[in-house]
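Counting from 6, one number per residue, gives the positions in the sequence shown under the numbering used here.
Note sheet for the following structure.
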Amino acid sequence: MLNILVPTDFSDLSKVAIRYALDMAKKMNGKVTLLHVIDIAQHAASMRLRLSSLIDELVKIAHEDFEVLLAEVNKMNKGGKPVKHAIEQGSSFVDTVAKFAKKNKSNLIIMGTHGASGLKKVVMGSNTASMLEASSVPVLAIPADVKFKKLKSVVYASDLLNIQKEFKTLLNIVEGEKPVIHIIHVAEDRTAATAAEEKIDKVVAKSGYKNVLVRVLVNKKAVPPISEYVTKIKIDMLTMFPHKHTFFEKLVKPSVTKQLSFLNNAPLLAFKSK
């Protein structure tokens, strides 16, 4: 069962993630927990002796904000499971969310982003990007205008370094919807492509999941062929498991971000693959 965690600062963007999470949970028989983090480090340097009283005030305000937010959530969540909420204090937003996710046994974190231009900021240093480094569970970044719909088509861009574990993780999240999963890999030459196809086929066969399309593309560069493929089909989610110096890092360089307009309409599922 999906146990979704949604960090919130009570902004409109976080409400986009909340609405998506609620709809996803209802569709997949999951549950949602909302988390607000009071970042102590953000205030410590300037407040010093008054920090304690400031934290007390911030906690009070957060409780008041949650009252308003939960009234909205209850209207959105008719027919869904009750939504839990929590307020945590910590010296780092990312570490606090990651620790809470572990304690809460969350298996998916959902956060908002502004789409392609926003994604560049997300991946290049925002809280969402940092979550990819710190979180032991997948992070789903939702563009501002995207609402949850039945997952019919999911693209998984893989470098094959840890495909068996990654594919299993993906299935744990989306299998209930039975989408077509497009596994895409870019090989430098035909020989490498043949070996890649064989490796992917073995992993898919072992998983037992039938609804898979394998596309091994031959190209010296990873981003253009994947971008071209994704724009040709209507996708409901793009999935990547970033490793150092691989497709994910190339994908988010400023020089190629302009190629990613399709991410305005597709949630991005990712976490740091080990």
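Glycine residues also receive a C-beta, built at the ideal position from the N, C-alpha and C atoms.
What does DSSP give as the partner residues of residue i in its beta bridges?
i	result
residue 242	159
residue 185	158
residue 116	146
residue 191	222
residue 8	36
To which residues of the same chain is residue i closer than 6 Å at the C-beta, ignoring the five residues directly before and after it?
i	result
residue 263	Its pLDDT being 40, under 50, residue 263 is placed unreliably by the model, and nothing is read from it.
residue 192	198, 201, 221 and 223
residue 93	42, 101 and 105
residue 181	33
residue 112	8 and 142
residue 91	40
residue 240	158, 160 and 271
Could you tell me the boundaries of the alpha helix (DSSP H) in which residue i lies?
i	result
residue 151	Unbroken run through residue 151: none, as it is neither H nor E.
residue 202	195-212
residue 165	No alpha helix (DSSP H) contains residue 165, which DSSP labels as neither H nor E.
residue 233	228-237
residue 108	98-108
Tell me which same chain residues have a C-beta within less than 8 Å of the C-beta of residue i, skipping the five on either side of it?
i	result
residue 208	168, 169 and 172
residue 147	21, 22, 25, 115, 116, 117, 118 and 272
residue 165	190, 201, 204 and 205
residue 194	223
residue 216	183, 184, 185 and 186
residue 175	159, 161, 186, 244 and 274
Along the chain, where does the beta strand (DSSP E) that runs through residue i open and close?
i	result
residue 220	217-223
residue 44	36-44
residue 93	89-95
residue 13	Careful: residue 13 lies outside any beta strand (DSSP E) and carries neither H nor E.
residue 29	Segment 17-33 is the alpha helix (DSSP H) holding residue 29; no beta strand (DSSP E) there.
residue 274	273-275
Less than 8 Å between the CB atoms is what I'm expecting for residue i and residue j, so what's the real figure, rounded?
i	j	result
residue 159	residue 242	5 Å
residue 157	residue 185	7 Å
residue 187	residue 163	Contact doesn't hold; Cβ gap of about 10 Å is too wide.
residue 109	residue 10	6 Å
residue 31	residue 85	5 Å
residue 89	residue 38	4 Å
residue 15	residue 61	Not quite, the Cβ-Cβ distance comes to about 18 Å (not below 8 Å), so this is no contact.
Near residue i, what residues of its chain come up, given a Cβ to Cβ distance below 7 Å and the 5 sequence neighbours on each side ignored?
i	result
residue 73	none
residue 81	24 and 27
residue 98	42, 44 and 132
residue 96	45 and 46
residue 63	43
residue 276	137, 140, 142, 143, 144 and 246
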